[in-house]
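One structure below.
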Amino acid sequence: MKIVLGPSSRLLGERIAELTGFGKVPVVLRIFPDGESYVRLEGSVKDEHVAIVQTTCSPQDSNLMQLAFLANAAKRNEARKVTAVVPYLAYARQDKMFLEGENVSIETIADMLKAAGIDEIITVNIHAENALRHFLFPAKSMSAISLLAEYFVGKGCEEAFALAPDKGALYIAEQAKAVLGGESGNLEKHRDRYTGQTTQTGKHLNVKGKTVIIFDDIISTGGTIVGAARILKEKGAERVFTACVHGLLIGDAEKRILDAGVEEIVSTDSVPGKNSKVSLAPLLSEALKAL
Ligand code: R5P
């Protein structure tokens, strides 16, 4: 296998190549004055199974197009098989029609990637597993929650309370609890589909005097974590941390979260940034070695 170092995940691709011992294929990227992308593979992929490592966080449309172009380049240059390793998969949140008149974004993305020549896809903590059924080729989502929880064990936070900010993320808190060895629980979150407004409650939560880590798949505007942190503080939590797989952290999200009393934000390199303290390289390397 060869690892294609997609421009949005070059460092992660390098780490995967190092851990697996697979050869690397660097990529030349140019952005034209009008914003269009140009890519070129700098190495032979003839008869190879290639893994293109390319996350699709912001600018997601450019990153998606570059992924599609790289797949096309791999197939045009006679790669035998193309596996896309897309740590953060954009548009996965719109995995069904929630309201009449909507589209299913991830279905379009899946069709586009297939047309570009991708034969299989590996992603990480996709927002809803349901999104995977739109891919007409093998698609799997791996979980990075144990890696995040291990980071906190390394900080001496064993036995911390693993909290999900909504019921949908309870499975995430439970995976963290399996590593941390403490308790787990969830808040209730309701989203108005028309206004987008959310409300959170935590009626039966007992966190007084405890260290709590709020685990989620995505932190976007930070509103969910800010709301959760406020509830935790009201209920007497002693220390509050937060961890997510995909730290989009739009605008002043980081500041708002820290201002709400959260001591530290930890995310993975699915979205490279200053909070991505946990690398997905070990998880993705194992997945690629098993193919
Ligand atoms: C939603 O269900 C997700 O799991 C996250 O909780 C959500 O995307 C976070 O968004 P924000 O940071 O904007 O509250």
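Using numbering that gives the first Met the number 0, the letters of the sequence shown map in sequence onto residues 0 to 290.
Positions of the beta carbon are idealized from the N, C-alpha and C atoms, including for glycine.
ask   = Which term fits E41, buried or exposed, when burial requires 16 or more other beta carbons within 10 angstroms of its beta carbon?
value = exposed
inquiry  = I need the DSSP call for Y324, collapsed to helix, strand or coil.
reply    = This structure gives no information on residue 324, because the portion of the chain shown stretches from 0 to 290.
Segments assigned beta strand (DSSP E), at least 3 residues, entirely inside the region 70–131 = 80–85 and 119–123
query = Does the region 75–88 come close enough to the region 46–56 to have 3 or more Cβ pairs within less than 8 Å?
reply = yes
inquiry  = At a cut-off of 7 Å, would you count D216 as near the ligand R5P, judging by its Cβ distance to the nearest heavy atom?
reply    = yes
query = From which residue to which residue does the beta strand (DSSP E) around E13 run?
reply = Looking at the DSSP string, E13 is not in any beta strand (DSSP E); the run it does join, the alpha helix (DSSP H), is R9 to T19.
task = Pull up the CB-CB distance for I218 and L248, whole angstroms please, since I reckon it's below 8 Å.
result = 6 Å
message = For G235 and V211, I'd like the C-alpha separation in whole angstroms.
response = 11 Å
inquiry  = Going by C-alpha to C-alpha distance, which of D215, I230, H189 and G222 sits closest to N205?
reply    = I230
ask   = Hey, would you say the C-beta of T194 is under 7 Å away from at least one heavy atom of the ligand R5P?
value = no
query = What is the DSSP secondary structure of Q65, counted as helix, strand or coil?
reply = helix
task = Check whether the Cβ of G167 sits closer than 7 Å to any heavy atom of the ligand R5P, and report yes or no.
result = yes
key: Own chain partners of A130 with C-beta closer than 6 Å, once the 5 adjacent residues on each side are dropped   = A91, D94 and I105
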